[in-house]
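A.B. asks: For reference, the structure I am asking about is given below.
2 protein chains.
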Amino acid sequence: MSQSFDIAVIGATGTVGETIVQILEERDFPVGELYLLASAESAGSSVAYRGKNVRVREVDAFDFGKAKIAFFAAGAAVTRSYAMRATAAGCAVIDLSAGLPVEQAPNLVPEVNGALLATLPRPWQVACASPAATALAMVLGPLRGLLDVQRVSITACLAVSSLGREGVTELARQTAELLNVRPLEPRVFDRQMAFNVLAQVGTPDAQGHVPLEKRLVSELRELLSLPLIKVAVTCIQVPVFFGDSLSVSVQTTTAVNIAAVAAALDAADGIDRVDAEDYPTPVGDAVGQDAIYVGRLRAGIDDACELNFWVTSDNVRKGAALNAVQVAELLIKGVA
Amino acid sequence: MSQSFDIAVIGATGTVGETIVQILEERDFPVGELYLLASAESAGSSVAYRGKNVRVREVDAFDFGKAKIAFFAAGAAVTRSYAMRATAAGCAVIDLSAGLPVEQAPNLVPEVNGALLATLPRPWQVACASPAATALAMVLGPLRGLLDVQRVSITACLAVSSLGREGVTELARQTAELLNVRPLEPRVFDRQMAFNVLAQVGTPDAQGHVPLEKRLVSELRELLSLPLIKVAVTCIQVPVFFGDSLSVSVQTTTAVNIAAVAAALDAADGIDRVDAEDYPTPVGDAVGQDAIYVGRLRAGIDDACELNFWVTSDNVRKGAALNAVQVAELLIKGVA
Chain A
1 MSQSFDIAVI
11 GATGTVGETI
21 VQILEERDFP
31 VGELYLLASA
41 ESAGSSVAYR
51 GKNVRVREVD
61 AFDFGKAKIA
71 FFAAGAAVTR
81 SYAMRATAAG
91 CAVIDLSAGL
101 PVEQAPNLVP
111 EVNGALLATL
121 PRPWQVACAS
131 PAATALAMVL
141 GPLRGLLDVQ
151 RVSITACLAV
161 SSLGREGVTE
171 LARQTAELLN
181 VRPLEPRVFD
191 RQMAFNVLAQ
201 VGTPDAQGHV
211 PLEKRLVSEL
221 RELLSLPLIK
231 VAVTCIQVPV
241 FFGDSLSVSV
251 QTTTAVNIAA
261 VAAALDAADG
271 IDRVDAEDYP
281 TPVGDAVGQD
291 AIYVGRLRAG
301 IDDACELNFW
311 VTSDNVRKGA
321 ALNAVQVAEL
331 LIKGVA
Chain B
337 MSQSFDIAVI
347 GATGTVGETI
357 VQILEERDFP
367 VGELYLLASA
377 ESAGSSVAYR
387 GKNVRVREVD
397 AFDFGKAKIA
407 FFAAGAAVTR
417 SYAMRATAAG
427 CAVIDLSAGL
437 PVEQAPNLVP
447 EVNGALLATL
457 PRPWQVACAS
467 PAATALAMVL
477 GPLRGLLDVQ
487 RVSITACLAV
497 SSLGREGVTE
507 LARQTAELLN
517 VRPLEPRVFD
527 RQMAFNVLAQ
537 VGTPDAQGHV
547 PLEKRLVSEL
557 RELLSLPLIK
567 VAVTCIQVPV
577 FFGDSLSVSV
587 QTTTAVNIAA
597 VAAALDAADG
607 IDRVDAEDYP
617 TPVGDAVGQD
627 AIYVGRLRAG
637 IDDACELNFW
647 VTSDNVRKGA
657 ALNAVQVAEL
667 LIKGVA
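If you read the sequences in order, they're chains A and B. Residue 203 in my numbering sits at position 203 of the first sequence, and the numbers go up by one each step. Just add 336 to wherever you are in the second sequence, counting from 1, and you've got my numbering.
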């Protein structure tokens, strides 16, 4: 008889939490007991799993000794409140909330730096990076042997679902009101999001950088084990429901061999490269898919030491829930 | 009595042509006779000017000897068919269609390289650069003395109105169909544009670059008289009706003084700098405005030789029609 693992999902009623439950089922993860947990407000509702409705319980009353692996997909504050309790009870922690310091819970993308796990103390505490850092690390990871990357410039076009269900509802509401020529009162965003592009996602520090941009830079360096690469990043919010897209320009010290880059991406796990005649988009390709889509692969217009590409991926799946479940799959190989 | 100038607008029924007529009126341009011209299909309609409806006539029947300045705002093919005739008749040509080679009709942004005009033979043939190149030259122009610009990375988020009225109608139609859960049949764009981001605008060459991206690079070098700067550019189409936005990262050889950059932009004509607490957007700021809005001015997260900023502007106004009328204002100072 094969082994099974008791699993806890904290934040089970959120977009990411629900998707974790769905992906555990899709990938036939060997779940023993499934404990769905949430704050007092959301407790009592239920989430579908393997044809049954699993009741969501209050996280505060949960005995973490009952679970082998806990996914923390509620806010950072929730993770900080309960992760210690999980660890003390011998339960592995997979943090999707950026709630723990990186020294305590390093970021893991199995295809990129999965080997790190063997070096960590148990019970394991690991984290999932932001969707944009995960997607970009998936693309740059297989290219490390091929390119001497000096600098990366990124414009990350984020879907409104990066703000959870509220962001999705708000874009739909704003769009409907505008099409019906009703006055617009922005709620979740600080201004009109429909038919607009917002250049700032979060509150900037005194230097003008927002937390998400700083996080993306440090996560990318961490995941790629390239602490010295320079990264210029601008995160913008676009009126797209699901699917983050990245416009990326990379500088290298030597001429880029585009055919070799394409071959390395084709050989990499989890990447779907789209040929030059076509290009991937969030709606047409990424939504609901596991792969990271890469397109518009090209050198500079007159600079051979420049590599440009476009990445689009489902921010809720590989950007969060799928990566977390893949991390759990690694953990159980080492028997969590 | 002050002098007036007879003006021809070719492509008078298009978005840009109509806006030229409107801006001539707004800016009280000393128009004598106004000749509105278009292809045989559009001839016969009329466009409002100073409270009257001016009839649109067929361009092919027009005697260019009647006009002092002709704005070419129809397609490149139309410009190539009639610009020679205008020049032969002694009429100055302002091309908004990228129809003429740059050696024949250099690009002009009055605030950036207006001094060039004095060196050109008459009758003048000049051109307006693409909206994105115009906007970015407006921002980088005043910074040339301050920064030793080595490289510029740009992601240009283009409004659907860059495809004219058809693009605008198509985004509205697609959005309404999706909100009403009707099946979507893309027309003007090659796929769903509503709630999506398209990574490729135009048909790429064998190296993967699209004409608009190549044009942007060469126009930027030309306008700034910086033939050696490296430019990485990706043009994407976003579901925004009016207003192009640019995410820009600049590399320099020495540390960037952000306060000095801000001061230089504040002193420059045609620029509206938005403070760090706020940021400009196409819908909220740019649409219908003459200024180029700049925001999110900041150095690199840990690179002092990096300057990042965000630009948004009305692609139809300073990006096209307004710039063309300002060029005409320069021409009449030299008495076209």
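Yeah, the Cβ is synthetic: ideal placement off N, Cα and C, and Gly gets one too.
Does the pairing of the segment 274 to 291 of chain A with the segment 523 to 543 of chain B give three or more beta-carbon distances under 8 Å?
C.D. replies: With a cut-off of 8 Å, the segment 523 to 543 of chain B and the segment 274 to 291 of chain A count as touching, because enough Cβ pairs lie within range.
A.B. asks: Helix, strand or coil, according to DSSP, for K388 (chain B) in the structure here?
C.D. replies: Looking up residue 388 (chain B) in the second sequence gives position 52. Looking at K388 (chain B) - three-state DSSP - the assignment turns out to be strand.
A.B. asks: Would you list, in chain order, the members of the segment 548 to 570 of chain B that have their beta-carbon closer than 8 Å to a beta-carbon of chain A?
C.D. replies: Answer set for the segment 548 to 570 of chain B: E549, K550, V553, K566, V567, A568, V569, T570.
A.B. asks: Since W646 (chain B) and S561 (chain B) should fall inside the 8 Å C-beta cutoff, what is the C-beta to C-beta distance between them, to a whole number of angstroms?
C.D. replies: Counting from one through the second sequence, the residue named residue 646 (chain B) turns up at place 310. Counting from one through the second sequence, the residue named residue 561 (chain B) turns up at place 225. Rounded, the Cβ-Cβ distance is 25 Å, inconsistent with contact.
A.B. asks: Start and end of the beta strand (DSSP E) containing R296 (chain A)?
C.D. replies: Sequence index remark: in the first sequence, residue 296 (chain A) carries index 296 (1-based). It spans 292 to 299 - the beta strand (DSSP E) in which R296 (chain A) sits, taken as one unbroken run.
A.B. asks: Less than 7 Å separating the beta-carbons of V126 (chain A) and L108 (chain A)?
C.D. replies: Residue numbering aside, residue 126 (chain A) sits at position 126 when the first sequence is read from its first letter. Residue numbering aside, residue 108 (chain A) sits at position 108 when the first sequence is read from its first letter. Against a cut-off of 7 Å, the Cβ pair of L108 (chain A) and V126 (chain A) comes out as a contact.
A.B. asks: Please list, in chain order, the residues of the segment 95 to 108 of chain A that have any C-beta partner in chain B closer than 7 Å.
C.D. replies: Under the 7 Å Cβ criterion, the segment 95 to 108 of chain A contributes no residue.
A.B. asks: Anything in chain B within Cβ reach of Q289 (chain A), meaning under 8 Å, just list it in chain order.
C.D. replies: Walking along the first sequence from the start, residue 289 (chain A) turns up at place 289. The premise fails here: Q289 (chain A) is roughly 15 Å from chain B at the closest Cβ pair, so nothing lies under 8 Å.
A.B. asks: What residues from chain B crowd round F195 (chain A), counting only those whose CB sits closer than 7 Å?
C.D. replies: On the first sequence, position 195 is the one that residue 195 (chain A) refers to. Neighbours of F195 (chain A) on chain B, chain order: P575, V576, F577, V619.
A.B. asks: Which partner residues does N443 (chain B) have in the DSSP bridge list?
C.D. replies: In the second sequence, the residue the question calls residue 443 (chain B) occupies position 107. Answer is B:A463, bridged to N443 (chain B).
A.B. asks: Tell me which residues share the same chain as L658 (chain B) and place their Cβ nearer than 6 Å to its Cβ, disregarding the 5 neighbours each side in the sequence.
C.D. replies: Position 322 of the second sequence holds residue 658 (chain B). Within the same chain, L658 (chain B) has close Cβ partners I359, D626.
A.B. asks: In this structure, does DSSP put T15 (chain A) in helix, strand or coil?
C.D. replies: For the purposes of this step, residue 15 (chain A) is taken as the residue at position 15 of the first sequence. Note: T15 (chain A) maps to helix in three-state DSSP.
A.B. asks: Can you check which of these residues, B:Q440, B:E361, B:A465, is closest to E665 (chain B) by C-alpha distance?
C.D. replies: Taking the first residue of the second sequence as position 1, residue 665 (chain B) is located at position 329. It is B:E361 whose Cα lies nearest to the Cα of E665 (chain B).
A.B. asks: Between D244 (chain A) and chain B, is the shortest Cβ-Cβ distance under 7 Å, so that the two count as touching?
C.D. replies: As a working note, residue 244 (chain A) is residue 244 in the first sequence. Not closer than 7 Å to any Cβ of chain B, the Cβ of D244 (chain A) fails to qualify, so no.
A.B. asks: How far does the alpha helix (DSSP H) with R421 (chain B) in it reach, from first residue to last?
C.D. replies: In the second sequence, residue 421 (chain B) corresponds to position 85, counting from 1. Residues 412 to 424.
A.B. asks: Mind pulling the chain B residues with CB within less than 8 Å of A176 (chain A)?
C.D. replies: Working through the first sequence from its first residue, we reach residue 176 (chain A) at position 176. In chain order: L515.
A.B. asks: Considering only the alpha carbon of each residue, which of B:E558, B:I572, B:F531, B:L559 lies closest to L548 (chain B)?
C.D. replies: Indexing the second sequence from 1 puts residue 548 (chain B) at position 212. The candidate whose alpha carbon is nearest that of L548 (chain B) is B:I572.
A.B. asks: Say whether the segment 129 to 142 of chain A touches the segment 219 to 233 of chain A, bearing in mind that this needs 3 or more beta-carbon pairs closer than 8 Å, one atom from each stretch.
C.D. replies: Verdict: yes, contact present.
A.B. asks: Using a Cβ cut-off of 7 Å, pull out every chain A residue sitting near P519 (chain B), in sequence order please.
C.D. replies: What you label residue 519 (chain B) is simply residue 183 of the second sequence in a count that begins at 1. Within 7 Å Cβ-Cβ: nothing; P519 (chain B) doesn't reach chain A, min ~14 Å.
A.B. asks: Tell me the rounded alpha-carbon separation between S161 (chain A) and V238 (chain A).
C.D. replies: Here residue 161 (chain A) is taken as the residue at index 161 of the first sequence, counted from 1. Here residue 238 (chain A) is taken as the residue at index 238 of the first sequence, counted from 1. Approximately 10 Å, taken between the alpha carbons.
A.B. asks: Tell me where the alpha helix (DSSP H) around V553 (chain B) begins and ends.
C.D. replies: Indexing the second sequence from 1 puts residue 553 (chain B) at position 217. Here the alpha helix (DSSP H) through V553 (chain B) covers 547 to 560.
A.B. asks: How many Å lie between R215 (chain A) and Y279 (chain A) at the Cα?
C.D. replies: Residue mapping note: residue 215 (chain A) aligns to position 215 of the first sequence, counting from 1. Residue mapping note: residue 279 (chain A) aligns to position 279 of the first sequence, counting from 1. Those two C-alpha atoms are separated by around 28 Å.
A.B. asks: Taking 7 Å as the CB-CB limit, is R296 (chain A) close to chain B?
C.D. replies: Taking the first sequence and counting its residues from 1, one reaches residue 296 (chain A) at position 296. At least one chain B Cβ lies under 7 Å of R296 (chain A).
A.B. asks: Can you confirm whether D541 (chain B), when its beta carbon is compared against all beta carbons of chain A, has any partner nearer than 7 Å?
C.D. replies: On the second sequence, position 205 is the one that residue 541 (chain B) refers to. False, the Cβ-Cβ gap to chain A never drops below 7 Å.
A.B. asks: A731 (chain B) versus chain A: which residues are under 9 Å apart at the beta carbon?
C.D. replies: Since the first residue of chain B shown is 337 and the last is 672, residue 731 (chain B) is not available in this structure.
A.B. asks: Please list the terminal residues of the continuous alpha helix (DSSP H) segment that includes N308 (chain A).
C.D. replies: Counting from one through the first sequence, the residue named residue 308 (chain A) turns up at place 308. No alpha helix (DSSP H) contains N308 (chain A), which is instead part of the beta strand (DSSP E) from 306 to 313.
A.B. asks: Let's see if you can read the secondary structure: which residues bound the beta strand (DSSP E) around D608 (chain B)?
C.D. replies: Stepping through the second sequence from its first residue, residue 608 (chain B) is reached at position 272. Residues 607 to 609.
A.B. asks: What are the start and end residues of each continuous beta strand (DSSP E) run of 3 or more residues lying completely inside the segment 460 to 539 of chain B, in chain order?
C.D. replies: Fully enclosed beta strand (DSSP E) runs of 3 or longer: 461 to 463, 485 to 494.
A.B. asks: Considering just the uninterrupted stretch of the alpha helix (DSSP H) at V256 (chain A), what are its terminal residues?
C.D. replies: Stepping through the first sequence from its first residue, residue 256 (chain A) is reached at position 256. Where V256 (chain A) is concerned, there is no enclosing alpha helix (DSSP H), given that its DSSP letter is neither H nor E.
A.B. asks: Determine which residues share a DSSP beta bridge with Q22 (chain A) and list them.
C.D. replies: Locating residue 22 (chain A) in the first sequence gives position 22, where the first residue counts as 1. None; Q22 (chain A) has no bridge partner.
A.B. asks: Could you name the residues of the same chain whose beta carbon sits closer than 7 Å to that of G202 (chain A), not counting the 5 residues immediately before and after it, in chain order?
C.D. replies: On the first sequence, position 202 is the one that residue 202 (chain A) refers to. Excluding residues within five positions, the ones whose Cβ falls inside 7 Å are V210, P211, L212.
A.B. asks: Considering only DSSP beta bridges, list what Q573 (chain B) is partnered with.
C.D. replies: Numbered from 1 along the second sequence, position 237 holds the residue referred to as residue 573 (chain B). Paired residues: B:L494, B:L534.
A.B. asks: Could you check if A181 (chain A) is buried or exposed, using at least 16 other CB atoms within 10 Å of its CB as the buried criterion?
C.D. replies: The residue you call residue 181 (chain A) lines up with position 181 of the first sequence. Correcting the residue identity first, residue 181 (chain A) is Val in this sequence and not Ala. Exposed, since its Cβ has fewer than 16 Cβ neighbours within 10 Å.
A.B. asks: Which of the three DSSP states is assigned to A568 (chain B) in this structure?
C.D. replies: Looking up residue 568 (chain B) in the second sequence gives position 232. DSSP places A568 (chain B) in strand when its eight states are reduced to three.
A.B. asks: If we cut at 7 Å on Cβ distances, does G679 (chain B) have a partner in chain A?
C.D. replies: Summary: the structure shown does not reach residue 679 (chain B), with chain B confined to residues 337 through 672, and so no result is reported for it.
A.B. asks: Is A137 (chain A) close to chain B, meaning its C-beta is less than 7 Å from at least one C-beta of that chain?
C.D. replies: Taking the first residue of the first sequence as 1, we reach residue 137 (chain A) at position 137. No, A137 (chain A) does not count as interfacial toward chain B.
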